[in-house]
Amino acid sequence: MSPVLAIAAKDLRQRLRDRSAIVLGFLAPVAIAALMSFAFGGGDSYHLDAAVVNNDHGELAAAFTQVLRRPELSELVTVHTVRDEADARAQVDSGQLGAAFVIPAGFTAAARGGSAVPVTVLGRVDEPVTQQVGAAIAEGFTAQLNSVRLTVATALASGAPADTLPALAAEAAARRLPEQITTAQAGTRPLRSISYFGPAMGIFFALFAVGFTARGYFLEKETGTLDRISAAPLRPGVVLAGKSLATLGYALASLTTMALVTTLVFGAYWGPPLPAAALIVAMTLAMVGLTALVISLSRSQRQAEGVAAMLTFGLVLLGGNFVYLAMAPPPLRALALLTPNGWALRGFTDLATGAGASAAVLPVLAMLGFTAVCGGLAALLSRRAAR
Amino acid sequence: MTALAIMGTGLRRLARDRTALFFMVLLPTVIILVIGATVRDNGELRIGVVTAEQTPLATELVTELRNTPALRVTDHAAATARTALRRNELDAVVIVPAGLDATLRSGGTVTIPVLGGAAASTQQAAQSAVAGAVARHAARIEAARFAAAKRGGTFDEHLDTATRLQGTVGAVTVRTETVDATSDYLPLGFSYSAPTMLVLFVFINALAGGAAIIESRRLGIYERAGAAPVRPRDIVLGETLTYLAVALLQSLLIVGIGAALFGVRWGDPLAAGALITVWALVGTGTGILAGTLFRTPEQAGAIGPAIGIAAGMLGGAMWPLEIVPDAMRTIGHITPHAWAVDGWTEILSRGGGIPQIATQLAVLGAFAVTLLTVASVRLGRRLTA
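Respectively, the protein sequence lines represent chains F and P. Going by the numbering used here, the letters in the first sequence line up with residues 2 to 388, in that order. Going by the numbering used here, the letters in the second sequence line up with residues 217 to 601, in that order.
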C-alpha cells in the first residue's frame, strides 16, 4: 500500500472509532434534514381557505362565488360554507379560514347603479398577504363592474348628455377590457425545501471535518507521532497528502450518504448524478484547502479548534446554509458567493430547479479557485513559519 | 464563599478562551444580523417586471403593479428574470410586451404574459394579484377609448379624466378588515431574530460549555479541590453559579446588543427579566448535565451544538412554529425552546407582562428544576465516586 493511502486509512479508522465523528458526519445531518422536511412538509406555498358570506342574495354575489370556484384558482382557493358573518369571523379568528368575503345586502342592486357598497375581506393580523391575495381576487371581480362605471362616468364628464346614460351603460358593459393576462410556465421545477436544506445541512456538518483534521494534526505533533512518521523514508508532503486524503474521504462519505438518504427517504433532488457529484467533490476539495489553511494559521490544538470553528460558522452563515438565500435581500446573496459553500448551494439550487448540467460549471470552478487560494495561502504561511 | 471562589475561577477561565467568546458574543450578533435582514418581508409576492418599452402607458401599468399591496415589484432584464424565477428569488414575472402603448392607443387588445415558476398555488396567487392591477389599468384605457369614440377629443385628454375619476367615482370597492387585534407571531426583522437567537445560543453555549466540566474532571481539578476542606456540595454549587453567571451574562449581552445595534424593544422589563432568568436556569441545568453525560470535551463541543440546533428547530427558535404542521407544533413543545419562544412572543408582540407569561414561566421553571436536580445529583455522585 502506498504510504499516502496507509496514512489516510489510519486517520479514517481513527476518526470512525470516535463516535462523535459518526454522529456529526452521518446521523446529525440526516436527522436535521428530516426535521426540516417534516417542518416544511406542507410546502411553502399559499393556500386560501375562504368562505363567502352572502348577505346580498343577488345575482352578483352568486357570480362571485362562482369566480372563487373557477379551475384557474383550484390550487389556491378552497371555498368553505359558513352559517353567517359571525361564524365567518370566528373561523377567521381561529385560523380555520384564511379569509372571508362579505357581500353586503343590496350589493347587486347598488353595483348596477346608485351608490356602490364595498365588499369586505376579513383576515387576520398574522396573515396580511393571505388577506391581500383575497382582496386581489375580489378586485379582479369588481374590476369589470367598475370598468363599466368608469367608462360611463368618463363619457359623461366629457359632455355626453345625461339622458343617454342607460344606452351608454349597456354599450360599455358589452365591451371587453383591452388588456388581458395570459399565464405561462417558465419550464422550471419548483424548489422543495428539502432539496435546499439537504445539501445545506450536509455541507454544514461535513465542514466539522476541517476542525477534526486540524486538531488531529496538532495532537499528533504534540504527542510526537508526526516526528516518528517523518523518521520513515518518506518524501516530504506525503504525510500532508495522506491527511488531506482522509479528510476528503470522510467528507465525501458524509455528503454522499446525505445525498442518498435525503433523495431516497425524503424525496430531495440534488440534480442529475454527474454534475451533482462534481459539486460534491469540488466542495470536499475546498474543505481540504480550508483544513490546510487552518493548520498553517494555528500553533496548537486549541487554536486549530478555535480557528476552524470560527471559519466554519462564518462560512455557513454567509453561504446561506442556515437561511434560505432566495428570500434574502440581494446584498446577502452577493456575499454568499464569496464562500465555497455558497457556490455549492447555488449549484445545487440551479440543478434542482431544472437548469442544465452546465449550471454546475461555474460553481465547480469557483470552489476549485477557493481551494487553490486556501492552498496557496497555506503554503505561503508554512514556508514563512519554516524560515 | 468556596462556591463563589469556584465561580470566579470558572469565569476567569472563560474570559481567557477567545473561541468561547466568539461563540458567546460575536456569532450570535452576526446571526441576529443575517437572520434579521432575511426575515424582513411578511411574505409579499415577489414580482419581477420585464419592460420591453418605456412608453407612458407601459410605465403607468408598472406603477399600477407597484401600488398593489400584496406585490413587491422589481425590474429585471428578460434573462435574469427567468433565472431569478427558477431560483425562487421571484414568485412570478410579468412581461410588458413591446408595442403595448401603440396597440392600446390604436384600439387593439394587448395580452400580458405572466410567467410562474413556484408552486401552483403561489403562481395563482401572483396571477390573481397581477390581474387585479392590470384590470384597473385596462379600465382607464377602456374609458378613455370609449369617450374618445363617443365624444371626440384626444385619447390622452380622456385618459386624464378617467385617471382622475377612477379615484373618486363611486366604484365598487374592496375593503379589508382584520378580525383580531394582536399578533401570534414575533415581529419581523431583528425583533424576530434577537429573541430567538438568545434562546438558541444561551442553550447551545451552555451545552457546549459542558466541556469545561469534563476538562476539570480529566485534569483532576475536582480531586485536588476535594483534598482541601471543600465539600462536594460547594463544588456543585460553584459550578452551577458559574454556568448561571455565563448564561445570564450572555443573555444580557444579546439584549444589550439587540437594543443598541438593532433597535429591538424587549417589552416589559420584569417579564423579560423573569424569562431570561428561567431560561438561564434551564441552560445551566443542561450544561452541567452535559458535563456529566459526555465523556470527552470534544464530544460536548461537537454533539452539543447539533443537539442545540435540533432542539432549536423543533422548538421554533429557527423558524416560527406557526408555519409547521400541527403535529410538529405539538412535538415542538417537548423542548423548553418552544415555551421560551412563546413567552417572548407574548412579551414582544402583545405587550404581555408576568401574568400573561405565567404558564411559560411555570413550564420552564419545571424544566429548570428537573434538569438542575438531575445534573447536581449526577455531578455530586461523580465527585464522591
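Note that beta-carbon positions come from the ideal geometry of N, C-alpha and C, so glycine has one too. Model, not experiment: these values are computed from the prediction.
Fill in: Beta-carbon gap between A1 of chain F and L13 of chain F smaller than 8 Å
The first residue shown for chain F is 2 and the last is 388, placing residue 1 of chain F beyond what the model contains.
Item to complete: Step through the CB atoms of chain P and report whether any lies within less than 8 Å of the CB of I296 of chain F.
Response: no
Worksheet entry | First and last residue of the uninterrupted beta strand (DSSP E) at N55 of chain F | 49-55
Worksheet item: Mind checking whether A554 of chain P and G548 of chain P have CB atoms under 8 Å apart?
Response: yes
Worksheet entry | C-alpha gap between L256 of chain F and L28 of chain F, whole angstroms | 12 Å
Worksheet item: Around the Cβ of T254 of chain P, are there at least 16 other Cβ atoms within 10 angstroms (buried) or fewer (exposed)?
Response: buried
Worksheet item: Does E514 of chain P get closer than 8 Å to chain F when you measure Cβ to Cβ?
Response: yes
Worksheet item: Identify the residues that DSSP records as bridge partners of H390 of chain F: which are they?
Response: The requested residue 390 of chain F is not part of the displayed model; chain F covers only 2 to 388.
Discussion item. Here's the rule I'm using: 16 or more other beta-carbon atoms within 10 Å means buried, otherwise exposed. How should L346 of chain F be labelled?
Written reply: buried
Discussion item. Please report whether the beta-carbon of N55 of chain F lies at a distance below 8 Å from any beta-carbon of chain P.
Written reply: no
Worksheet item: From N342 of chain F to A260 of chain F, what distance separates their C-alpha atoms?
Response: 15 Å
Discussion item. Measuring only the C-alpha atoms, how far is Y270 of chain F from S196 of chain F?
Written reply: 5 Å
Worksheet item: Applying the criterion that 16 or more other CB atoms from any shown protein chain within 10 Å of the CB defines a buried residue, is M217 of chain P buried or exposed?
Response: exposed
Discussion item. Run through the DSSP bridge pairs and tell me what D228 of chain F is partnered with.
Written reply: According to DSSP, which records beta bridges pairwise, D228 of chain F is partnered with nothing at all.
Discussion item. Check for me: the alpha helix (DSSP H) holding F206 of chain F runs from which residue to which?
Written reply: 194-207
Item to complete: Say whether chain F places a C-beta atom closer than 8 Å to the C-beta of A443 of chain P.
Response: no
Discussion item. I want to verify the contact list: residues of chain P whose CB lies under 8 Å from the CB of Q97 of chain F, in sequence order.
Written reply: Those within 8 Å of Q97 of chain F in chain P number zero; the least Cβ separation is about 12 Å.
Practice prompt. Give the range of the alpha helix (DSSP H) segment to which P331 of chain F is assigned.
Written response: 331-337
Item to complete: Have a look at the DSSP bridge pairing and note the partners of F102 of chain F.
Response: F:V53, F:V122
Discussion item. Along the segment 138-163 of chain F, where does the CB come closer than 8 Å to a CB of chain P? Name the residues.
Written reply: I138, A139, E140, G141, T143, A144, Q145, L146, N147, S148, R150, L151, T152, A154, T155, A156, A158, S159, G160, A161
Worksheet item: Would a C-beta distance cut-off of 8 Å place V309 of chain P and A297 of chain P closer than the cut-off?
Response: yes
Worksheet item: CB-CB under 8 Å to L17 of chain F, same chain, minus the five flanking residues each way: which ones, in chain order?
Response: I23
Worksheet item: Considering only the beta carbon of each residue, do P521 of chain P and I429 of chain P sit closer than 8 Å?
Response: no
Worksheet item: Hey, how far is the Cα of V590 of chain P from the Cα of R598 of chain P?
Response: 12 Å
Fill in: Proximity to F583 of chain P [Cα-Cα], best of P:T561, P:G532, P:T502, P:G436
P:T502
Discussion item. Suppose you measure from the CA of R566 of chain P to the CA of V471 of chain P; what does that come to, to the nearest Å?
Written reply: 19 Å
Discussion item. So, under 8 Å CB-CB, V134 of chain F and A345 of chain P are touching, yes? Tell me the CB distance rounded to an integer number of Å.
Written reply: 6 Å
Practice prompt. Select from P:V350, P:G333, P:Q340 the residue whose C-alpha is nearest the C-alpha of E76 of chain F.
Written response: P:Q340
Worksheet item: In this structure, what does DSSP give as the bridge partners for I182 of chain F?
Response: P:I328
Worksheet item: Does the Cβ of T263 of chain F have 16 or more other Cβ atoms within 10 Å, making it buried, or fewer, making it exposed?
Response: buried
Discussion item. Below 8 Å on C-beta distance, what does A185 of chain F contact in chain P?
Written reply: P329, V330, L331, G332
Fill in: Proximity test, Cβ basis, 8 Å: Q94 of chain F and chain P
A small correction: the amino acid at residue 94 of chain F is Asp; Gln does not occupy that position in the sequence shown. Chain P, which has a Cβ nearer than 8 Å to the Cβ of D94 of chain F, makes this yes.
Worksheet entry | chain P contacts from the segment 266-293 of chain F (Cβ-Cβ distance under 7 Å) | none
Discussion item. Taking its Cβ as the centre, do 16 or more other Cβ atoms sit within 10 Å of E280 of chain P, making it buried, or is it exposed?
Written reply: buried
Worksheet item: Going along chain F, which residues have a C-beta under 7 Å from H549 of chain P?
Response: Those do not exist, as H549 of chain P stays about 14 Å from chain F at its closest Cβ, beyond 7 Å.
Practice prompt. Taking A335 of chain F as the query, report the chain P residues whose CB atoms sit under 8 Å from its CB, ordered along the chain.
Written response: Chain P residues near A335 of chain F: none, gap ~12 Å exceeds 8 Å.
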